[in-house]
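Take a look at the structure set out below.
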Amino acid sequence: MMRPAKRFRTSRGNALSDVHSLHSLGLSVHQPEDSVIQHSSLSKDGRRIRRHISSSAPIRERLYTEIEPCDDWSGFPDEYPQPEVLEGPTEGRFIFQVKKGRVTRVLKRKFFRSDRPMKVFLENREGYLAIQMILKGRGDHIPDHCTLCPSDREATEPTFRCVDCTNAPLMCQDCCVENHRLNPLHRIEHWTGRYFEKISLRRLGLVIQLGHQNGSECPFPVSGPSKFIIVHNNGIHRVRMSYCGCEASLSSQTGSMHHKWEQLMRNRLFPATHTRPSTAYTFQMLSLFHALTLSGKVTAYDFYKGLERTTNNTGAKLPNRYPSMLRVSRQWRHLRMLRRGGRGNDGERTIDETKPGELAVECIACPRPEINLPSNWTNAPDNIT
Numbered sequence: 001m002m003r004p005a006k007r008f009r010t011s012r013g014n015a016l017s018d019v020h021s022l023h024s025l026g027l028s029v030h031q032p033e034d035s036v037i038q039h040s041s042l043s044k045d046g047r048r049i050r051r052h053i054s055s056s057a058p059i060r061e062r063l064y065t066e067i068e069p070c071d072d073w074s075g076f077p078d079e080y081p082q083p084e085v086l087e088g089p090t091e092g093r094f095i096f097q098v099k100k101g102r103v104t105r106v107l108k109r110k111f112f113r114s115d116r117p118m119k120v121f122l123e124n125r126e127g128y129l130a131i132q133m134i135l136k137g138r139g140d141h142i143p144d145h146c147t148l149c150p151s152d153r154e155a156t157e158p159t160f161r162c163v164d165c166t167n168a169p170l171m172c173q174d175c176c177v178e179n180h181r182l183n184p185l186h187r188i189e190h191w192t193g194r195y196f197e198k199i200s201l202r203r204l205g206l207v208i209q210l211g212h213q214n215g216s217e218c219p220f221p222v223s224g225p226s227k228f229i230i231v232h233n234n235g236i237h238r239v240r241m242s243y244c245g246c247e248a249s250l251s252s253q254t255g256s257m258h259h260k261w262e263q264l265m266r267n268r269l270f271p272a273t274h275t276r277p278s279t280a281y282t283f284q285m286l287s288l289f290h291a292l293t294l295s296g297k298v299t300a301y302d303f304y305k306g307l308e309r310t311t312n313n314t315g316a317k318l319p320n321r322y323p324s325m326l327r328v329s330r331q332w333r334h335l336r337m338l339r340r341g342g343r344g345n346d347g348e349r350t351i352d353e354t355k356p357g358e359l360a361v362e363c364i365a366c367p368r369p370e371i372n373l374p375s376n377w378t379n380a381p382d383n384i385t
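Pasting the structure below:
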């Protein structure tokens with residue numbers, strides 16, 4: 001005896017009780033299949049093919065937020081220029097988002113020219129290039145006499161300019177030397193009649209005078225090496241230098257004459273050797289190299305090669321100061337460690353008497369009495385210790 005087929009129980013009181021799927025209402029929902037990635041590989045013996053099928057993650061739906069008006073908005077004054085809007089209609093462009101039964105209308109954001117800096121640059125690169133070509137020459141203004149010469153001096157044709165000075169005009173040789181006594185490491189260019197060529201202040205007659213803060217001449221100068229080398233941020237410089245031999249270089253503590261290396265250090269020049277120095281490195285260059293090695297992981301070789309290229313990019317042979325720069329950079333870091341460790345303010349002990357671990361950087365989170373721990377911390381109750 002066969003059993004009758006099962007029949008679903010329905011509740012006559014519920015009108016939707018006979019609806020079992022959307023097909024009952026004549027509707028259908030198509031679920032998009034996820035894209036699959038199929039990968040086939042051949043076995044080592046060449047007899048079997050392995051197929052791997054993986055499904056990629058579905059693309060997430062982009063969420064939009066509704067822009068609500070704000071009553072606290074205060075517009076810009078009329079005298080402020082409004083940014084230029086890109087060409088093309090923007091009004092009437094909306095984004096409609098249906099989520100949780102709600103339709104959200106969002107107005108597309110206006111794009112200004114400042115939002116596309118590369119596109120704006122390409123539209124104006126002709127002007128950028130024209131200004132660079134103007135600066136390669138004598139510029140728009142070509143004076144027939146030096147504007148920096150004093151009234152009692154006969155004006156001459158200006159043929160020199162400084163690359164490192166801000167908006168420096170063309171000047172004559174005497175004014176160029178006089179205006180760079182306190183900036184002896186600036187780069188100078190000379191107008192040949194057709195183009196500008198590099199020229200050093202040493203060739204123009206500038207002598208760096210040590211021991212005098214205002215750059216004035218010493219009545220008893222002591223000549224230094226004829227080709228003294230100074231390594232700076234902007235390159236390698238050959239300079240003429242004189243040490244002070246007058247009472248201006250007397251030490252206020254000992255009363256004796258300052259040594260050559262002391263006069264260099266007082267002018268922020270780190271000598272490469274202690275006796276008879278012929279090379280020095282500026283404090284600015286050593287600080288920059290220290291920061292680049294820590295933050296940018298720049299090697300000493302690449303840094304020095306960059307200075308050589310900045311000085312002369314034609315590949316000409318320059319004085320090799322790379323070994324001495326390695327030595328001086330180590331001395332510079334050692335002195336900074338001593339200074340930050342408080343060894344420069346200790347008048348009772350010498351550097352040789354520094355205790356082991358005294359220069360180590362202490363942990364700021366570790367408890368230390370009288371620093372980040374109160375003096376009566378031993379009397380604190382147990383519930384807060």
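For the record, in the sequence shown the residue sitting at position 373 is 373 according to full-length UniProt numbering, with numbers rising by one throughout. Built from N, CA and C at the ideal position, the CB exists for glycine as well. Keep in mind that this is a model prediction, so the values were computed, not measured.
Can you list, in chain order, the residues of its chain with a C-beta nearer than 8 Å to that of His-180? Leave out the 5 residues immediately preceding and following it.
Cys-162, His-186, Ile-188, Leu-201 and Leu-206
Would you call the region 310-321 in contact with the region 229-239, where contact means no fewer than 3 C-beta pairs closer than 8 Å?
yes
Examine the Cβ distances between the region 215-225 and the region 241-251 and report whether three or more of them are shorter than 8 Å.
yes
Can you give me the Cβ contacts of Leu-42 inside the same chain, cut-off strictly under 7 Å, excluding the 5 residues immediately before and after it?
Ile-49
If you pair each beta-carbon of the region 138-149 with each one of the region 158-172, do three or more pairs fall below 8 Å?
yes
Run through DSSP, which three-state label would Ser-249 get?
helix
Which residues does DSSP pair with Cys-146 in a beta bridge?
According to DSSP, which records beta bridges pairwise, Cys-146 is partnered with nothing at all.
Look at His-232 and Thr-279 and say whether their C-beta atoms are less than 8 Å apart.
no
So does the region 261-275 actually touch the region 341-357, counting three or more Cβ pairs closer than 8 Å?
no
For the beta strand (DSSP E) holding Trp-191, just list the boundary residues, first then last.
188-191
Which same chain residues end up closer than 7 Å to Val-298 when comparing Cβ atoms and leaving out the 5 residues on each side of it in sequence?
Leu-292
Taking a contact to mean a Cβ-Cβ separation below 8 Å, would you say Leu-304 touches Met-325 in this structure?
According to the sequence as given, residue 304 is Tyr; it is not Leu. Yes, Cβ-Cβ distance for Tyr-304 and Met-325 is below 8 Å.
Reduced DSSP category for Thr-279 - H, G, I as helix; E, B as strand; rest coil:
strand
Start-to-end residues for the alpha helix (DSSP H) that takes in Ser-329:
322-340
Report the rounded CA-to-CA distance for Ile-384 versus Arg-105, giving the unit in angstroms.
55 Å
Determine, for Tyr-304, whether the minimum Cβ-Cβ distance to residues of chain B falls below 8 Å.
The chain labelled as chain B is not found in the depicted structure, where only one protein chain is given.
His-290 in three-state terms, based on DSSP:
helix
When you compare the CB positions of Gly-215 and Ala-248, do they come within less than 8 Å of one another, or not?
no
Rounded distance between the beta-carbons of Leu-288 and Ser-329, thought under 8 Å:
The Cβ separation is near 11 Å, so there is no contact.
Closest by CA to Asp-302, which one among Ala-316, Tyr-322 and Ala-155?
Tyr-322
Straight-line Cα distance separating Thr-350 from His-290:
26 Å
Can you check which of these residues, Phe-228, Thr-378 and Ala-155, is closest to Gln-173 by C-alpha distance?
Ala-155
Rounded to the nearest angstrom, what separates Gly-88 and Leu-129 at their Cα positions?
Residue confidence for Gly-88 is low, a pLDDT of 45 falling below 50, so the modelled location carries little weight and cannot support an answer.
Can you tell me whether Gln-263 is helix, strand or coil according to DSSP?
helix
On the criterion of 16 or more Cβ atoms from any shown chain inside 10 Å, does Leu-373 qualify as buried, or is it exposed?
exposed
Same chain, Cβ closer than 7 Å to Arg-125, five either side skipped, listed in chain order:
none
Report buried or exposed for Pro-369, applying the criterion of at least 16 other Cβ atoms within 10 angstroms of its Cβ.
exposed
Kindly indicate which three-state DSSP category Met-213 falls into: helix, strand or coil?
The residue asked about is misnamed: residue 213 is Gln in this sequence, not Met. Gln-213: coil per DSSP, three-state reduction.
Buried or exposed by the 16-neighbour rule on C-beta atoms within 10 Å, applied to Cys-175
buried
Please name the residue, chosen from Val-177, His-190 and Leu-182, that lies closest to Arg-138 on a Cα-to-Cα basis.
His-190
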